[in-house]
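Enquirer: The opening residue of the sequence shown carries number 487 in my numbering; numbering runs sequentially from there. Positions of the beta carbon are idealized from the N, C-alpha and C atoms, including for glycine. Sharing a structure here in structure tokens format.
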Amino acid sequence: AAGLRQMRLALRRADCLVERSHIPLSGRNPALQEALGIRPHVLVLNKMDLADPRRQPVSAGAGPGGGSAGVTGRPVPVPLQVVPMVARLVADGPRYHRTESSEHNILVIGVPNVGKSSLINSLRRLHLKKGKATAVGGEPGITKAVLSRIQVCEKPLMYLVDTPGVLPPRLGDVEMGMKLALCGAIRDHLVGEDIMADYLLYTLNKQQQFRYVQRYRLGQPCDHIEPLLKHVALSQGRTQKVKVLTGTGNVNMMMLNYPAAAYEFLRDFRAGRLGRVTLD
């Protein structure tokens, strides 16, 4: 709620919205479109190098806030597309009380941990040849508040405003929540690495993505997470020392570390080592 209030205040001087997302449908928060009203809207889908090339990108108009322009980064890198597209949308649309200003003020929105700050920093490097202006990290929650305007381009004069990631107050669809968790929009420990690993295995099997069989030296695909995590622990050396009480005293034993194996399974997926997968 606090994040949305901050965005509404920043929206008064915004000419366009740039929405960053890992996945085209589940990765978008419909509350953002409802709260931020009508503005030119660019949807930037990142992680395209990890997406399944056999599955066609979902049209931006199919999701919440239909009618937005999508940037998939297919033959041209995303940073090269954003500024020209935003400039064209702003020039073609009404600017109301901002008509006398030559500046382009852009609000960058999205769910947590989708690379909003990284996009701003890459645009600054590309167009201004300057270093990063906003903190980035591999976990959700790095950006805590709406920041000051950050210049990313000189011609046209363009400023972007970074915003904190905002999730819907309630995730009515459990599967949508699992997809967001797999993409890092929700912290792993809040969902449970073992539960996420189980859903990931289900997704890989459903899409017939069986690269995990070779990576973890399995004989064939499996439907149950326990034997898979056992092979992950064995192949990656994920063990832990456990003290066992016996009749003759305490004995230290080496046991397979299943939580560490689940985390390794998730990390391999996020790094693309299990193949290119599209969740939506």
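1. Residue 726 lies in the beta strand (DSSP E); which residues open and close that run?
2. What distance in whole Å lies between the Cβ atoms of residue 500 and residue 592, which are believed to be in contact at a cut-off of 8 Å?
3. List the DSSP bridge partners of residue 590.
4. Taking 8 Å as the cut-off, decide whether the C-beta atoms of residue 738 and residue 725 are in contact.
5. Report the rounded CA-to-CA distance for residue 679 versus residue 685, giving the unit in angstroms.
6. Give the range of the beta strand (DSSP E) segment to which residue 652 is assigned.
7. Nearest by alpha-carbon distance to residue 645: which of 673, 607, 747 is it?
8. Would you mind reading off the limits of the beta strand (DSSP E) that contains residue 507?
9. Going by the CB atoms, is the gap between residue 736 and residue 671 shorter than 8 Å?
10. What's the call for residue 587, buried or exposed, on a 16-neighbour Cβ count within 10 Å?
11. In whole angstroms, what separates the C-alpha of residue 740 from that of residue 717?
12. Only counting the same chain, and skipping five residues up and downstream in sequence, which positions put a Cβ closer than 7 Å to that of residue 605?
13. Would you identify the three-state DSSP class for residue 742, choosing helix, strand or coil?
14. Going by alpha carbons, who is nearest to residue 612 out of 589, 635, 640, 597?
15. Between the Cα of residue 749 and the Cα atoms of 698, 728, 715, 700, which residue gives the shortest distance?
16. Taking the straight line between their C-alpha atoms, what separation do you get for residue 674 and residue 662?
17. Excluding the five sequence neighbours on either side, which residues of its own chain have a C-beta within less than 6 Å of the C-beta of residue 573, listed in chain order?
18. Report all residues from its chain with a CB closer than 6 Å to the CB of residue 722; omit the five preceding and five following residues, and keep chain order.
19. What are the boundary residues of the alpha helix (DSSP H) that includes residue 442?
20. Can you tell which of 579, 504, 696, 653 has the C-alpha that lies nearest to the C-alpha of residue 567?
21. How is residue 545 classed by DSSP in three states: helix, strand or coil?
22. Taking the alpha-carbon positions, what's the residue 700 to residue 579 distance?
23. For residue 527, which residues does DSSP report across the bridge?
24. Would you kindly work out how many angstroms separate the C-alpha atoms of residue 747 and residue 753, rounded to a whole number?
25. Return yes when the Cβ of residue 763 is within less than 8 Å of the Cβ of residue 695, no when it is not.
26. Which value, in whole angstroms, describes the spacing of the CA atoms of residue 513 and residue 765?
27. Is residue 575 near residue 647, with beta carbons less than 8 Å apart?
28. Is there a Cβ of chain C sitting closer than 8 Å to that of residue 533, yes or no?
Expert: If we stick to the structure as given:
1. Along the sequence shown, one-based indexing puts residue 726 at 240. Residue 726 -> beta strand (DSSP E) spans 725-732.
2. If you number the sequence shown from 1, residue 592 lands on position 106. If you number the sequence shown from 1, residue 500 lands on position 14. The pair is a contact, with the Cβ atoms about 7 Å apart (cut-off 8 Å).
3. Along the sequence shown, one-based indexing puts residue 590 at 104. Residue 590 pairs with 644.
4. Residue 738 sits at position 252 when you count from the first residue of the sequence shown. Residue 725 sits at position 239 when you count from the first residue of the sequence shown. For residue 738 and residue 725, no; Cβs fall outside 8 Å.
5. Looking up residue 679 in the sequence shown gives position 193. Looking up residue 685 in the sequence shown gives position 199. As the crow flies, the alpha-carbon of residue 679 is around 10 Å from that of residue 685.
6. Reading the sequence shown from its first residue, position 166 is the one you call residue 652. No beta strand (DSSP E) contains residue 652, which DSSP labels as neither H nor E.
7. Counting from 1 along the sequence shown, the entry for residue 645 is found at position 159. Of the candidates 673, 607, 747, the one whose C-alpha sits nearest the C-alpha of residue 645 is 607.
8. Here residue 507 refers to the residue found at position 21 of the sequence shown. Residue 507 -> beta strand (DSSP E) spans 502-507.
9. Position 185 of the sequence shown, counted from the start, is the residue given in the question as residue 671. Position 250 of the sequence shown, counted from the start, is the residue given in the question as residue 736. Against a cut-off of 8 Å, the Cβ pair of residue 736 and residue 671 comes out as no contact.
10. Along the sequence shown, read from residue 1 onward, the residue named residue 587 stands at position 101. Result: exposed.
11. Counted from its first residue, the sequence shown places residue 740 at position 254. Counted from its first residue, the sequence shown places residue 717 at position 231. As the crow flies, the alpha-carbon of residue 740 is around 16 Å from that of residue 717.
12. Translated into the one-based positions of the sequence shown, residue 605 becomes position 119. Within the same chain, 506, 530, 594 come within 7 Å of residue 605 by CB-CB distance, once the 5 residues on both sides are set aside.
13. Here residue 742 refers to the residue found at position 256 of the sequence shown. Residue state, collapsed to three classes: strand.
14. Walking along the sequence shown from the start, residue 612 turns up at place 126. Residue 640 is the option with its Cα nearest to residue 612.
15. Translated into the one-based positions of the sequence shown, residue 749 becomes position 263. Closest in C-alpha terms to residue 749, from the list 698, 728, 715, 700, comes 715.
16. One-based indexing of the sequence shown puts residue 674 at position 188. One-based indexing of the sequence shown puts residue 662 at position 176. Each residue's CA atom was taken as its position, placing residue 674 and residue 662 some 15 Å apart.
17. Position 87 of the sequence shown, counted from the start, is the residue given in the question as residue 573. Within the same chain, and ignoring the five residues on either side of residue 573 in sequence, the residues whose Cβ sits closer than 6 Å to its Cβ are 642.
18. Residue numbering aside, residue 722 sits at position 236 when the sequence shown is read from its first letter. Within the same chain, 750 come within 6 Å of residue 722 by CB-CB distance, once the 5 residues on both sides are set aside.
19. Given that the chain is displayed from residue 487 to residue 766, the structure contains no residue 442 and the question cannot be resolved.
20. By one-based count along the sequence shown, residue 567 stands at place 81. Cα-wise, what sits closest to residue 567 is 504.
21. As a working note, residue 545 is residue 59 in the sequence shown. For residue 545, the predicted structure reports a pLDDT of 41, less than 50, and the residue's modelled location is therefore unreliable. A value from the coordinates is still provided. In the structure shown, residue 545 sits in coil (DSSP, three-state: anything other than H, G, I, E or B).
22. Position 214 of the sequence shown, counted from the start, is the residue given in the question as residue 700. Position 93 of the sequence shown, counted from the start, is the residue given in the question as residue 579. So the two alpha carbons sit approximately 52 Å from each other.
23. Residue numbering aside, residue 527 sits at position 41 when the sequence shown is read from its first letter. Residue 527 is bridged to 503.
24. For the purposes of this step, residue 747 is identified with residue 261 of the sequence shown, where counting begins at 1. For the purposes of this step, residue 753 is identified with residue 267 of the sequence shown, where counting begins at 1. Approximately 10 Å, taken between the alpha carbons.
25. Mapped onto the sequence shown, residue 695 falls at position 209. Mapped onto the sequence shown, residue 763 falls at position 277. Pairing residue 695 with residue 763 gives a Cβ-Cβ distance under 8 Å.
26. Counted from its first residue, the sequence shown places residue 513 at position 27. Counted from its first residue, the sequence shown places residue 765 at position 279. Put simply, the backbone Cα of residue 513 is about 10 Å away from that of residue 765.
27. In the sequence shown, the residue the question calls residue 575 occupies position 89. In the sequence shown, the residue the question calls residue 647 occupies position 161. Against a cut-off of 8 Å, the Cβ pair of residue 647 and residue 575 comes out as no contact.
28. The chain labelled as chain C is not found in the depicted structure, where only one protein chain is given.
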